[in-house]
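Visitor:
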Amino acid sequence: MTGMLAPMELLRGILYGERAKHPIPPMDGALFPNSRLDELEVLDYNLSAPDDVAGDGNNGLLVNSERRLLALGGNNEVRSVATFDSPVSAFARLPDGDLVVGLDGGGLVHLDARGRPLHTAATLDGRPLTGITAVTSDGDTGVYFTIGSTRHNAADWVRDLMECNRNGLLGHWIPGHDPQCWRHDLAFPNGVLMDDDGQHLVITEGWAHSVSRYQIQGSILGEKQTLIDNLPGYPSRISAAGGGGYWLAVFAMRTQLVEMVLHDQAFKQDMMRSLAPELWIRPALASTGSHLEPLQMGGVRKLGIRKAWAPPRSYGLVLRVDNSGEVTESMHSRVGGHCHGVTAAREINGRLLIVSRGSNRLLAAPVKQPVEGPNE
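In the numbering used here, the protein residues as written are 39 to 414.
Spelled out as structure tokens, the structure:
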């Protein structure tokens with residue numbers, strides 16, 4: 039049997055290249071599927087396309103929703119902090135209470151705590167500042183930010199995935215100064231976090247299915263240290279977990295069918311040329327249930343029920359990862375679930391707040407100590 043497998047592995051390497059090096063890993067151990075996301079409390083704020091969440095410094099929350107930055111309070115109170123001409127694709131709260139907002143196609147905006155604009159940045163190295171996917175405080179008056187793609191806006195992530203681009207970057211901005219590029223040629227960086235030690239940055243790369251750590255050396259980054267090199271899905275934002283480690287949001291899953299399409303250039307180009315994007319064989323933040331959606335191999339109904347184990351077009355997944363990059367806990371919303379397209383998970387005011395953009399939901403979970411072994 040071994041003698042037969044060797045030529046097959048060689049053939050896969052020739053045909054698929056990186057795919058042979060990074061096959062989709064099995065969902066076992068701490069990644070074993072469950073329905074924990076669907077069992078969580080849903081906060082009743084009636085949000086439209088929420089994308090990220092942060093604390094407001096008191097007991098309230100901040101959420102970006104389409105072109106608005108919202109403040110969420112008690113009794114389901116929703117108040118608009120600021121409204122922009124472009125969609126808010128990322129934001130962060132600074133230690134002094136000010137805010138920095140990333141606009142999809144509109145650059146970076148520095149606001150005071152009341153939402154009044156103070157500074158803006160519209161260009162980076164002479165080019166329009168677009169495609170911002172994540173923003174995090176540098177612990178002082180500036181922010182680190184990621185641009186998923188210099189070719190497409192953040193909202194057009196599906197096209198960037200299909201083109202297999204690797205032109206994202208990491209930047210740093212101190213309001214009142216020009217933004218600086220610190221790292222380029224990244225595969226759709228979609229999350230950034232400064233470690234508690236203030237000496238390292240952790241970055242997620244969607245199309246590389248990976249999480250990496252870099253040491254901050256003045257105004258440059260040191261050598262790359264890979265924390266996770268092969269996730270079963272496309273990572274989004276990452277945040278610090280109480281007691282050490284990280285919370286990692288995974289906004290969509292990889293499937294064998296999509297992997298095949300990504301590597302079949304002729305088929306892929308014909309599909310992109312002749313069909314509307316919503317009809318492509320692709321991952322999605324949510325499944326519409328339309329009969330026009332491409333069947334994801336086993337993703338069909340039987341006796342009126344869509345099987346939870348079917349290859350997903352959309353999915354919900356949050357991972358708890360320790361400091362060495364090992365997944366210790368996972369929360370899922372499987373095929374047929376109601377909490378797909380998770381774009382952020384952050385500990386705020388003693389709870390884990392989870393943003394399900396695909397389902398327009400903000401979830402709340404009690405924070406527990408890391409769990410070792412398979413999920414129940």
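By construction, the Cβ of each residue, glycine as well, lies at the ideal position given by its N, Cα and C atoms.
Keep in mind that this is a model prediction, so the values were computed, not measured.
1. Considering Cα atoms alone, identify which of 404, 261 and 387 is closest to residue 91.
2. In this structure, does DSSP put residue 42 in helix, strand or coil?
3. Would residue 161 and residue 274 be called neighbours here (beta carbons separated by less than 8 Å)?
4. Where does residue 114 sit, in a helix, a strand or coil, going by DSSP?
5. In whole angstroms, give me the CA-to-CA distance for residue 227 and residue 132.
6. Counting C-beta neighbours from all protein chains within 10 Å, is the total for residue 308 16 or more, i.e. buried, or is it exposed?
7. By how many angstroms is the C-alpha of residue 396 removed from the C-alpha of residue 319?
8. At what residues does the beta strand (DSSP E) containing residue 262 begin and finish?
9. Taking the alpha carbon of residue 296 as the reference point, which residue from 280, 317 and 233 has its own alpha carbon closest?
10. State the CB to CB distance for the pair residue 141 and residue 119, rounded to an integer number of angstroms; the pair is presumed to be in contact (CB under 8 Å).
11. How would you call residue 219, buried or exposed, if buried means at least 16 neighbouring beta carbons within 10 angstroms?
12. Residue 415 by DSSP, collapsed to three states: which one?
13. Would you kindly work out how many angstroms separate the C-alpha atoms of residue 146 and residue 298, rounded to a whole number?
14. Put residue 318 into one of helix, strand or coil per three-state DSSP.
15. From residue 372 to residue 406, what does the alpha carbon distance come to, in whole angstroms?
16. Using only the alpha-carbon positions, how far apart do residue 285 and residue 205 sit?
17. Out of 105, 87 and 83, point me to the one whose CA is closest to residue 98's CA.
18. Taking 6 Å as the limit between beta carbons, can you name the residues of its chain near residue 363, skipping five residues before and five after?
19. Nearest-angstrom Cα distance between residue 104 and residue 117?
20. Would you mind stating whether residue 181 and residue 138 have Cβ atoms separated by less than 8 Å?
21. Going by DSSP in three states, residue 148 sits in which element: helix, strand or coil?
22. Does DSSP classify residue 335 as helix, strand or coil?
23. Quick one: what does DSSP say residue 135 is sitting in, helix, strand or coil?
24. So, residue 282 versus residue 360, is the Cβ gap smaller than 8 Å?
25. Taking all protein chains shown into account, decide if residue 184 is buried (16 or more other Cβ within 10 angstroms of its Cβ) or exposed.
26. Check for me: the alpha helix (DSSP H) holding residue 243 runs from which residue to which?
27. DSSP on residue 296, reduced to helix/strand/coil?
28. Residue 89 by DSSP, collapsed to three states: which one?
29. DSSP beta-bridge partners for residue 109?
30. Would residue 158 and residue 191 be called neighbours here (beta carbons separated by less than 8 Å)?
31. Per DSSP, residue 162 is paired with what?
32. By Cβ distance, which residues of its chain are closer than 8 Å to residue 261, with the 5 residues on each side in sequence left out?
33. Under DSSP, the alpha helix (DSSP H) around residue 199 begins and ends at which residues?
Guide: So, to answer that:
1. 387
2. For residue 42, the predicted model reports a pLDDT of 46, less than 50, meaning its position is unreliable and no value from the coordinates is stated.
3. no
4. helix
5. 21 Å
6. exposed
7. 17 Å
8. 258 to 266
9. 317
10. Not quite, the Cβ-Cβ distance comes to about 14 Å (not below 8 Å), so this is no contact.
11. exposed
12. Only positions 39 to 414 of the chain appear in the structure, and residue 415 is not among them; the question remains open.
13. 37 Å
14. coil
15. 22 Å
16. 25 Å
17. 83
18. 265 and 266
19. 14 Å
20. yes
21. strand
22. At residue 335, the pLDDT of 47 sits below 50, so the modelled position is not reliable and the matter cannot be decided from this model.
23. coil
24. yes
25. buried
26. From DSSP, residue 243 is part of no alpha helix (DSSP H) but of the beta strand (DSSP E) over 238 to 243.
27. helix
28. strand
29. 100 and 117
30. no
31. 165
32. 252 and 253
33. 195 to 200
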